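S.K.: In this note's numbering, the protein residues as written are 189 to 341.
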Amino acid sequence: MKISHTACAVVLAVSGVMASGLATADSDPEYLNSGTVLPTNLPFSEVVVAGDTLFLSGQIGNMPGTLTLAEGGIEGETKQVMENIKTSLEANGYTLSNLVKCTVMLADIKEWGAFNEVYKTYFEPGRFPARAAFGANGLAVGAKVEVDCIGVK
Numbered sequence: 189m190k191i192s193h194t195a196c197a198v199v200l201a202v203s204g205v206m207a208s209g210l211a212t213a214d215s216d217p218e219y220l221n222s223g224t225v226l227p228t229n230l231p232f233s234e235v236v237v238a239g240d241t242l243f244l245s246g247q248i249g250n251m252p253g254t255l256t257l258a259e260g261g262i263e264g265e266t267k268q269v270m271e272n273i274k275t276s277l278e279a280n281g282y283t284l285s286n287l288v289k290c291t292v293m294l295a296d297i298k299e300w301g302a303f304n305e306v307y308k309t310y311f312e313p314g315r316f317p318a319r320a321a322f323g324a325n326g327l328a329v330g331a332k333v334e335v336d337c338i339g340v341k
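1) Closer than 7 angstroms by C-beta to SER285: which residues in its own chain qualify, once you throw out the five before and the five after it? Chain order, please.
2) Return the CA-CA distance between LYS267 and ALA295, expressed in angstroms with no decimal places.
3) In terms of residues, what are the limits of the alpha helix (DSSP H) holding MET270?
4) Please classify LYS332: does DSSP put it in a helix, a strand, or coil?
5) According to DSSP, is TYR307 helix, strand or coil?
6) What separation, rounded to the nearest whole angstrom, lies between the Cα atoms of PRO227 and VAL333?
7) Indicate the three-state DSSP secondary structure (helix, strand or coil) for SER245 in the structure shown.
8) Short of 6 angstroms in beta carbon distance, which residues of its chain neighbour MET270, apart from the five on each side in sequence? Order them along the chain.
9) Taking VAL237 as the reference, give the member of PRO217, ALA324, ILE338 and ARG315 with the closest Cα.
10) Look at the alpha carbon of GLY326 and the alpha carbon of GLY281, and state the distance between them as a whole number of angstroms.
11) Between the region 243-261 and the region 306-321, can you find at least three pairs of beta-carbon atoms closer than 8 angstroms?
12) Using 8 angstroms as the limit for Cβ to Cβ distance, is GLU299 near chain D?
13) Mind reading off the beta-carbon distance from LEU287 to GLY249? Whole number of angstroms is fine, and I expect it under 8 angstroms.
Structural data, given as structure tokens:
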């Protein structure tokens, strides 16, 4: 497949516009760890703020401050995942309405419908983040679901 110089220029121009919205030369990314959901000794940040963009690490359905999963199967873990995301956002000055994209990883893709029934209750009807979902072969600590998100200020 041949790509024209014009197409390359467009891609580079769009990439530059997208990158400029992430961070500026005078604003370094902020690495936020409130400790309200996950222990702070884990090797990742709860939220990274780059310019006007929020990147949330994946959340599982663990009980806050522990790596013990919530009871109740996919429904219980999904509720806890969403509560963890909400708590993490609020601890850092944001809300679920700041989210624009979520990626859902399910240990069993057959539980997608049950996940959706809980997930949709956390957003205003018609104002759902863009989303992708896929089945995974193993999630952290044996979780049934993990969700990571991107948001904007």
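The C-beta atom is built at its ideal place from N, Cα and C for all residues, glycine as well.
These figures come from a predicted structure and were not determined experimentally.
M.R.: Answer, in terms of the structure:
1) Scanning its chain for C-beta atoms nearer than 7 angstroms, with the 5 sequence neighbours on each side dropped, one finds no residue around SER285.
2) LYS267 and ALA295 have their C-alpha atoms spaced approximately 16 angstroms apart.
3) 261-279 is the extent of the alpha helix (DSSP H) around MET270.
4) Coil.
5) Three-state DSSP puts TYR307 in a helix.
6) Whole-angstrom Cα-Cα distance: 19 angstroms.
7) Note: SER245 maps to strand in three-state DSSP.
8) Once the five neighbours on either side are set aside, the close Cβ partners of MET270 are TYR310.
9) Answer by Cα proximity: PRO217.
10) Rounded to the nearest whole angstrom, the CA to CA distance from GLY326 to GLY281 is 32 angstroms.
11) Contact fails: fewer than three Cβ-Cβ distances are below 8 angstroms.
12) Absent here is chain D; the protein component of the structure consists of one chain.
13) Going by Cβ atoms, the distance from LEU287 to GLY249 rounds to 18 angstroms, so no, they are not a contact pair.
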